[in-house]
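Protein chains: 2
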Amino acid sequence: MEYTSKLVGQAVEEISKLPGIGKKSALRLVMHLLKQPKEHTELLTVSLNELRAGIKYCGTCHIISDSSDCTCKTMSVDPSIICVVEETPDVLAIRNTGQYNGMFHVLGGRISPIDGIGPDEIAISSLIKRIESSAGEVKEVVLALSGTLEGDTTAFYLTRQLEALNILVTSITRGIPVGGELEYADEVTLGRSILTRSQVKTY
Amino acid sequence: MEYTSKLVGQAVEEISKLPGIGKKSALRLVMHLLKQPKEHTELLTVSLNELRAGIKYCGTCHIISDSSDCTCKTMSVDPSIICVVEETPDVLAIRNTGQYNGMFHVLGGRISPIDGIGPDEIAISSLIKRIESSAGEVKEVVLALSGTLEGDTTAFYLTRQLEALNILVTSITRGIPVGGELEYADEVTLGRSILTRSQVKTY
Numbered sequence: 072m073e074y075t076s077k078l079v080g081q082a083v084e085e086i087s088k089l090p091g092i093g094k095k096s097a098l099r100l101v102m103h104l105l106k107q108p109k110e111h112t113e114l115l116t117v118s119l120n121e122l123r124a125g126i127k128y129c130g131t132c133h134i135i136s137d138s139s140d141c142t143c144k145t146m147s148v149d150p151s152i153i154c155v156v157e158e159t160p161d162v163l164a165i166r167n168t169g170q171y172n173g174m175f176h177v178l179g180g181r182i183s184p185i186d187g188i189g190p191d192e193i194a195i196s197s198l199i200k201r202i203e204s205s206a207g208e209v210k211e212v213v214l215a216l217s218g219t220l221e222g223d224t225t226a227f228y229l230t231r232q233l234e235a236l237n238i239l240v241t242s243i244t245r246g247i248p249v250g251g252e253l254e255y256a257d258e259v260t261l262g263r264s265i266l267t268r269s270q271v272k273t274y
Numbered sequence: 072m073e074y075t076s077k078l079v080g081q082a083v084e085e086i087s088k089l090p091g092i093g094k095k096s097a098l099r100l101v102m103h104l105l106k107q108p109k110e111h112t113e114l115l116t117v118s119l120n121e122l123r124a125g126i127k128y129c130g131t132c133h134i135i136s137d138s139s140d141c142t143c144k145t146m147s148v149d150p151s152i153i154c155v156v157e158e159t160p161d162v163l164a165i166r167n168t169g170q171y172n173g174m175f176h177v178l179g180g181r182i183s184p185i186d187g188i189g190p191d192e193i194a195i196s197s198l199i200k201r202i203e204s205s206a207g208e209v210k211e212v213v214l215a216l217s218g219t220l221e222g223d224t225t226a227f228y229l230t231r232q233l234e235a236l237n238i239l240v241t242s243i244t245r246g247i248p249v250g251g252e253l254e255y256a257d258e259v260t261l262g263r264s265i266l267t268r269s270q271v272k273t274y
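Line by line, the protein sequences are chains X and F.
To convert, note that position 13 of the first sequence is 84 in our numbering; the numbers rise steadily by one, no gaps.
To convert, note that position 63 of the second sequence is 134 in our numbering; the numbers rise steadily by one, no gaps.
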């Protein structure tokens, strides 16, 4: 596409590099910014620059944070459980459920040989060290990884590594989503939810 | 949503102000930028700042451009037709069809009393002046406005104004999209396409 302005073309080019944003959406965003007061664009670019310059990763749990102190330790109520996730947004998603109040550990990815990501490329060894140095305080590790082949591979590898530490390793359950109809569930999910069926209790 | 980092929260806040981007998408974009080299974010923010600071509007046709010179006059082959559109992206869309080689005139919006936009808020008077000062060179005005109530209102108002200038006023046709099936067309479009039916010719 040929733009009437080089500056517009350049902005569209950069915006459309972002995932899920094509050239048309990028042009719509550019037009929106041009219609808004200058301050909107300034606030946006300042916040992006500050983000990229100021962001830190916690040395213990690898959560994205403003300081190098461990935010997950201070925020968690129960320091005996560590929930292992792939990325920081997973931490927010789990915390938003209100069903978990333990600590977290962000792997920073999942084992994926095709993409050249082995166990050493993600934060597995630091998880082992963290549990070992807790002197028995950590009793359980909850694996909350994505339900893909790579997520399962990572879960399998982690379980093997953690078994030696003599702690309980659990995983979030896979199954039919709440509100989901059986008819529309895919075969693999349905098959797994039958395999991992649990006893119905009336409390 | 409570973020682990204020900087992330601030960036998500600013990104989600853009149209069509919610908090979840904004967080995904933030995570993407954090995974990319710093230069990506810099290129993005620099291009946005340059866009907002350097952009100009042509004094004649109101197309967004890098200079105040009229790009549409130099780019058009046929200076006897002016195509009237709402925004600059419409110019790109029409030029990309390869079916039009005349000039353009960007109104910068459409008449919408609900939003407080009357005929004086959009570039109608400058269109009239432009045609009057062309000394008879402009023979036709093509209205390429959106098929909404506001677009139709604008088209009606413009036609009334242009009739006095003794030039041909045409409009892009409304109808079933090419490749579209009748079954799925909405009633209004179908109704209009029957009303404005044209003779079938075999050339």
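All C-beta atoms, glycine included, are put in the ideal place defined by N, C-alpha and C.
Remember, predicted model here, so these are calculated numbers, not experimental data.
With respect to the beta strand (DSSP E) encompassing residue i, which residues constitute its N-terminal and C-terminal limits?
i, result
"X/S196", "Looking at the DSSP string, X/S196 is not in any beta strand (DSSP E); the run it does join, the alpha helix (DSSP H), is 196-204."
Within the same chain, show all residues whose beta-carbon is closer than 7 angstroms to that of residue i, passing over the 5 residues directly before and after it, in chain order.
i, result
"X/T159", "I134, I135, V177"
"X/T244", "T267"
"F/L229", "V155, I195, L214"
"F/Q232", "I195, I199"
"X/S138", "K127"
"X/Y171", "C154, I165"
Starting from residue i, trace the alpha helix (DSSP H) both ways and give me its first and last residue.
i, result
"F/I86", "77-86"
"X/V162", "159-168"
"F/D149", "Counting along the chain, F/D149 falls outside any alpha helix (DSSP H), though it belongs to the beta strand (DSSP E) covering 149-156."
"X/L122", "109-125"
"F/G250", "First-last for F/G250: undefined, no H or E at that position."
"F/Q232", "220-234"
What is the DSSP secondary structure of residue i, counted as helix, strand or coil?
i, result
"F/H281", "Residue coverage of chain F in this structure runs from 72 to 274, which leaves residue 281 of chain F outside it and unanswerable."
"F/L178", "coil"
"F/S264", "helix"
"X/I135", "strand"
"F/Y255", "helix"
Run the proximity test for residue i: is its beta-carbon closer than 7 angstroms to any non-hydrogen atom belonging to the ligand PLP?
i, result
"X/S269", "As presented, the structure is devoid of all ligands, the ligand PLP included, so that no description of it is given."
For residue i, which residues from the same chain have a beta carbon less than 8 angstroms from its beta carbon, with the 5 sequence-adjacent residues on both sides left out?
i, result
"X/K210", "S151, I152, I238, L239"
"F/I92", "I86, L100"
"F/K106", "none"
"F/D191", "none"
"F/G246", "T260, R263, S264, T267"
"X/D140", "C129"
Distance, Cα to Cα, residue i vs residue j?
i, j, result
"X/L220", "F/S87", "32 angstroms"
"X/G125", "X/R268", "46 angstroms"
"X/V155", "X/A215", "6 angstroms"
"X/V148", "X/V79", "50 angstroms"
"F/V83", "X/L236", "39 angstroms"
"F/R166", "F/E254", "31 angstroms"
"F/D257", "X/S183", "47 angstroms"
"X/H111", "F/L115", "15 angstroms"
"F/V271", "F/L98", "53 angstroms"
"X/T131", "F/P90", "37 angstroms"
"X/S205", "X/L198", "11 angstroms"
"X/G179", "X/S96", "29 angstroms"
"X/Y74", "F/L163", "7 angstroms"
"X/C129", "X/T260", "35 angstroms"
"F/R263", "X/K77", "39 angstroms"
"F/M102", "F/M174", "43 angstroms"
"X/I193", "F/K109", "21 angstroms"
"F/E208", "X/E121", "54 angstroms"
"X/V117", "X/R123", "10 angstroms"
"F/G94", "F/I202", "As written in the sequence, residue 94 of chain F is Lys, which differs from the Gly given in the question. Using only the alpha carbons, I get a separation of about 47 angstroms."
"X/V249", "F/K127", "52 angstroms"
"F/G189", "F/F227", "13 angstroms"
"X/E252", "X/D161", "25 angstroms"
"X/E113", "F/E234", "44 angstroms"
"X/G169", "X/M146", "13 angstroms"
"F/V212", "X/G218", "58 angstroms"
"X/G187", "F/Q81", "33 angstroms"
In terms of DSSP beta bridges, what is residue i paired with?
i, result
"F/V212", "F/I153, F/V240"
"X/S183", "X/I188"
"F/Y171", "BP columns for F/Y171 are empty, so no partner."
"X/Y74", "For X/Y74, which the question treats as bridged, DSSP gives no partner whatsoever."
If I measure Cβ to Cβ from residue i and keep anything under 6 angstroms in the same chain, skipping five residues before and after, which residues do I get?
i, result
"F/R181", "E157, E221, G222, T225"
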